Amino acid sequence: MTPAPTAGLTQHSSLSELRRLVGDVGDLNSKLILLVGPSGSGKTQLLRQLGATLNIEPLNVGQELGRRLAATPNNKRSFSAGDLLREIAEKERTEDPLLLDNLELLFEPSLQINPLDLVRRLAHSKRVVAVWPGELRGDRLVYADMSHPEHRDCSRDGVVVLEI
Numbered sequence: 064m065t066p067a068p069t070a071g072l073t074q075h076s077s078l079s080e081l082r083r084l085v086g087d088v089g090d091l092n093s094k095l096i097l098l099v100g101p102s103g104s105g106k107t108q109l110l111r112q113l114g115a116t117l118n119i120e121p122l123n124v125g126q127e128l129g130r131r132l133a134a135t136p137n138n139k140r141s142f143s144a145g146d147l148l149r150e151i152a153e154k155e156r157t158e159d160p161l162l163l164d165n166l167e168l169l170f171e172p173s174l175q176i177n178p179l180d181l182v183r184r185l186a187h188s189k190r191v192v193a194v195w196p197g198e199l200r201g202d203r204l205v206y207a208d209m210s211h212p213e214h215r216d217c218s219r220d221g222v223v224v225l226e227i
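Residue numbering for the sequence shown follows our numbering, starting at 64 and increasing by one per position.
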């Protein structure tokens, strides 16, 4: 069964819908589910609820990756960010979904990386549920205003998006 590319969720059905999709994406090429919604909509809370039901602790990308990047020379950070995130992800149990929160660090312009592509690559080998810190506009995932240095506008192709 192929999951619906976008599912508008109400508060009472969101956890059960997310659990269903986590099971369904295992057969897809990209096993990435993004939780998308405005600030304060409950994305992090939903990720934590999923983690509690699966007995998995969500990974705070900003904290974990930030700690490792701090020990990396500035001129090597852009090359190291992807490898470091992969190392962090590989420490998690492979059969369990990888739950990612606080992705904002990935948008740092000095890293010169595409945050969505990086997370998509993680989702080729395992199921990944991540909180997208931006919004969905049509079929585009947007982070920050166009005038902001961290602005990103990405196609949502190959990604299951759950709007909260």
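Beta carbons: idealized from backbone N, C-alpha and C, even for Gly.
On a predicted model such as this, the values are computed, not experimentally measured, just so you know.
For residue 152 against residue 93, the beta-carbon gap comes to about 15 angstroms, at or over 8 angstroms, which does not count as contact.
Residue 173 is positioned such that its CB atom lies closer than 9 angstroms to that of residue 140.
Looking from the CA of residue 225, the closest CA among 91, 194, 211 belongs to 194.
Under DSSP, residue 193 forms a beta bridge with 97, 163. Contact check for residue 181 and residue 169: beta-carbon distance about 6 angstroms, within the 8 angstroms limit, so the pair qualifies.
Between residue 163 and residue 122, the C-beta gap is smaller than 9 angstroms, which places the two residues in contact. By the neighbour-count definition (other C-beta atoms within 10 Å, threshold 16), residue 165 is a buried residue.
The alpha carbon of residue 81 has as its nearest neighbour, out of 138, 149, 160, 126, the alpha carbon of 160.
For residue 203, the uninterrupted beta strand (DSSP E) run begins and ends at 203-206, by DSSP. In the DSSP assignment, residue 182 falls within the alpha helix (DSSP H) that extends over 178-185. In the three-state reduction of the DSSP assignment, residue 110 falls in the helix class, which pools H, G and I. Judged by DSSP in its simplified three-state form, residue 219 adopts coil rather than helix or strand. C-alpha of residue 128 to C-alpha of residue 171: approximately 12 angstroms in a straight line. A residue is called buried when at least 16 other Cβ atoms come within 10 angstroms of its Cβ; residue 212 does not meet this threshold and is exposed. For residue 213, the secondary structure class from DSSP, reduced to helix, strand or coil, is coil.
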